Amino acid sequence: MKNIAIIGIGNMGGGHALAIHYGTGYTDWQIAQIINPDIEAVTTDISKKLKLVGVWDIDPVRREWAEKEGMHVYSGEDELFDDPNVDIVLIALPNHLHCHYACKAMRAGKHVLCEKPVTPTSAELEEILKVSKETGKVFYPRQNRRWDPDYLAMKKIFDEQPIGKPLNLENRIGGGGAAGPFGWRAVKAYGGGMMLDWGVHLIDRILQMDKTKVLQVACQTFNLNGPDKNGEYVDEGFNLRLVFEDGFNVYIESGAAHFDSPTPAWRLTCEKGIAEAEAMTGEGAKIIKPAPRDPNFVRDFASLPTRKPTVMRGEGKPWFPPRGGNNQEEPIDLVIFDRNSLYRNLVNCIEGTEEQIVTGEQALRVLRVMETALKSGEMGGIAIDFEK
Ligand SMILES: NC(=O)c1ccc[n+]([C@@H]2O[C@H](COP(=O)([O-])OP(=O)(O)OC[C@H]3O[C@@H](n4cnc5c(N)ncnc54)[C@H](O)[C@@H]3O)[C@@H](O)[C@H]2O)c1
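Take the position in the sequence shown, starting the count at 1, then add 31; the result is the number in the working numbering.
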């Protein structure tokens, strides 16, 4: 059992506070939608792993909310960092503040669970990792969407290859439904933009799916709302292409303006079929295989140039069936997983009983892909060699 304190109890930190305070581990509504008894049966009881000992936020409204929920609210950040009762500090602040507070926490003798993106730049993460090494404290990136049902369904098809070798993957997600990112997410200096907000999750998962080198990164970014208050531009959406050493091709698309994500959110094309799933819940995840060919069907290519049309346009059977016409579909079973894997692993790796699953080095690689992608975006989307 470890004692945890949270700095920043807004949208995400507030979710963590409730999840840990009430011992459910439910941090966000998307996962909470998956109420499945088989998943609950294998899920770690987080009330036996983590105890919320206090929270701090500069916003008095958020502090009042926490008090009403029965949480202990510190008198200021220093009281939190000086509390000898705190083993772990969870950082759920705007992105540009993560590095400062992560280093401060580790120097105060605390382990750190840090919201994604752990930092806006790889240089800041390198500094954090140096402090983690110096102090011997665990730095744990909260790249939690590795445990989303949609991703797990696609990863299963990638790993087990029931429809042959994976060839390429498309993954799309929206991000807010507004005309662009809002609040601090719309300001470059605060670590805003869709690449740092959603790109981090999408890239992290793909790097855990295909473990070979990323040879090339190409990315187009767009900004529709103009400069932020400092005259800088955040990416309000991006289209990213990653080429892996084993030939796997990945296309990732995210944009603040299309929360109702274009469907399917996932499309994994393999040698013998396609796997599809919707975002977050993995609802309707399925394999689609073409119907077996008629063994007597012979396409008469030789006569094509001279052949006369035998039916008029609009009559007869179309030569090419409509999408889905002859396909065979099979559902992909929900992957049963411990939905508190990340919290469990955080505590167990501090206690030395489990290897750290999401590591600082993995987060650093994701940040380097994102930096390369944004650089490609600035250059109009040209492909940049990455781990060649
Ligand atoms: N892993 C996920 O799925 C996920 C989802 C949402 C957000 N996040 C991450 O969580 C972090 C916070 O995002 P959010 O949506 O909760 O933002 P938010 O704006 O809702 O919350 C941030 C909170 O930090 C407080 N704050 C700001 N400066 C502070 C300071 N110096 N000291 C104390 N409190 C301060 C604000 O008052 C606010 O309550 C970001 O890094 C974001 O990327 C992760």
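Note that the Cβ used here is the ideal one computed from N, Cα and C, for glycine as well. Owing to the predicted nature of the structure, the values given are computational and were not obtained by experimental measurement.
Next item on the list: Determine the closest residue to Glu-108 out of Glu-100, Lys-99, Gly-101 and Arg-94, with distance taken between C-alpha atoms.
Entry: Taking the first residue of the sequence shown as position 1, residue 108 is located at position 77. The residue with the shortest Cα to Cα distance from Glu-108 is Arg-94.
Note to self: Cutting at 6 Å between CB atoms, please list the residues of its own chain near Gly-101, excluding the five before and the five after it.
What the structure shows: Looking up residue 101 in the sequence shown gives position 70. Nothing meets the Cβ criterion.
Check: Taking the DSSP output, what are the residues bridged to Arg-298?
Finding: Your numbering for residue 298 matches position 267 in the sequence shown. Per DSSP, Glu-201 and Glu-307.
Margin query: Going by DSSP in three states, Phe-417 sits in which element: helix, strand or coil?
Written below: The residue you call residue 417 lines up with position 386 of the sequence shown. Coil.
Check: How many angstroms separate the CA atom of Phe-170 from the CA atom of Glu-402?
Finding: Here residue 170 is taken as the residue at index 139 of the sequence shown, counted from 1. Here residue 402 is taken as the residue at index 371 of the sequence shown, counted from 1. Each residue's Cα considered, the two are about 21 Å apart.
Next item on the list: Would you list the residues sitting across from His-142 in a DSSP beta bridge?
Entry: On the sequence shown, position 111 is the one that residue 142 refers to. Per DSSP, the beta-bridge partners of His-142 are Ile-119.
Notebook entry, point to check: Do you know how far the Cα of Ile-283 is from the Cα of Ile-40?
Noted result: Taking the sequence shown and counting its residues from 1, the one referred to as residue 40 is at position 9. Taking the sequence shown and counting its residues from 1, the one referred to as residue 283 is at position 252. Near 30 Å, if we compare the C-alpha coordinates of Ile-283 and Ile-40.
Note to self: Give me, in chain order, the residues of the same chain whose beta-carbon lies closer than 6 Å to that of Ala-139; leave out the 5 immediate sequence neighbours on both sides.
What the structure shows: Start at 1 with the first residue of the sequence shown, and residue 139 comes out as number 108. Here the set comprises Phe-112.
Notebook entry, point to check: Count the other CB atoms within 10 Å of the CB of Lys-79; is the residue buried (16 or more) or exposed (fewer)?
Noted result: Indexing the sequence shown from 1 puts residue 79 at position 48. It is exposed - the Cβ of Lys-79 has fewer than 16 other Cβ atoms within 10 Å.
Next item on the list: Along the beta strand (DSSP E) that carries Tyr-27, what are the first and last residues, could you check?
Entry: Since the first residue of the chain shown is 32 and the last is 419, residue 27 is not available in this structure.
Next item on the list: With hydrogens ignored, establish whether the beta-carbon of Ala-123 is closer than 7 Å to any heavy atom of ligand 1.
Entry: Residue numbering aside, residue 123 sits at position 92 when the sequence shown is read from its first letter. Yes, the beta carbon of Ala-123 sits closer than 7 Å to at least one heavy atom of ligand 1.
Note to self: Which residues does DSSP list as the beta-bridge partners of Ala-426?
What the structure shows: Residue 426 cannot be examined here, being either before or after the span of the chain that is shown, 32 to 419.
Next item on the list: Could you tell me whether any non-hydrogen atom of ligand 1 is closer than 7 Å to the CB of Glu-157?
Entry: To locate residue 157, count along the sequence shown from 1; it is residue 126. No, since every heavy atom of ligand 1 falls outside the 7 Å radius drawn around the Cβ of Glu-157.
Check: Can you tell me where the beta strand (DSSP E) with Arg-272 in it begins and where it stops?
Finding: Mapped onto the sequence shown, residue 272 falls at position 241. That run of the beta strand (DSSP E) goes 268 to 275.
Check: Taking DSSP as the reference, what is the three-state secondary structure of Phe-368?
Finding: Position 337 of the sequence shown, counting from 1, holds the residue named residue 368. Annotated three-state conformation of Phe-368 is coil, per DSSP.
Next item on the list: Can you give me the start and stop residues for the beta strand (DSSP E) that Glu-284 sits inside?
Entry: Taking the first residue of the sequence shown as position 1, residue 284 is located at position 253. Start and end: 280 to 286.
Item checked: Gly-167 Cβ short of 7 Å to ligand 1 heavy atom set -> The residue labelled residue 167 in the question sits at position 136 within the sequence shown. Distances taken from the Cβ of Gly-167 to the heavy atoms of ligand 1 include none shorter than 7 Å.
Notebook entry, point to check: Is the beta carbon of Lys-147 within less than 7 Å of some heavy atom of ligand 1?
Noted result: For the purposes of this step, residue 147 is identified with residue 116 of the sequence shown, where counting begins at 1. Flag set: Cβ of Lys-147 near ligand 1.
Check: What does Gly-56 pair with, by DSSP beta-bridge criteria?
Finding: As a position in the sequence shown, residue 56 is number 25, starting the count at 1. Answer is none; Gly-56 lacks a bridge partner.
Notebook entry, point to check: Quick one, which of Gly-257, Val-245, Ala-287 and Pro-362 has its alpha-carbon nearest Val-400's?
Noted result: One-based indexing of the sequence shown puts residue 400 at position 369. Of Gly-257, Val-245, Ala-287 and Pro-362, the residue nearest in Cα terms is Val-245.
Next item on the list: With DSSP as the reference, label Lys-80 as helix, strand or coil.
Entry: Here residue 80 refers to the residue found at position 49 when the sequence shown is read from its first residue. If DSSP states are grouped into helix, strand and coil, Lys-80 belongs with coil.
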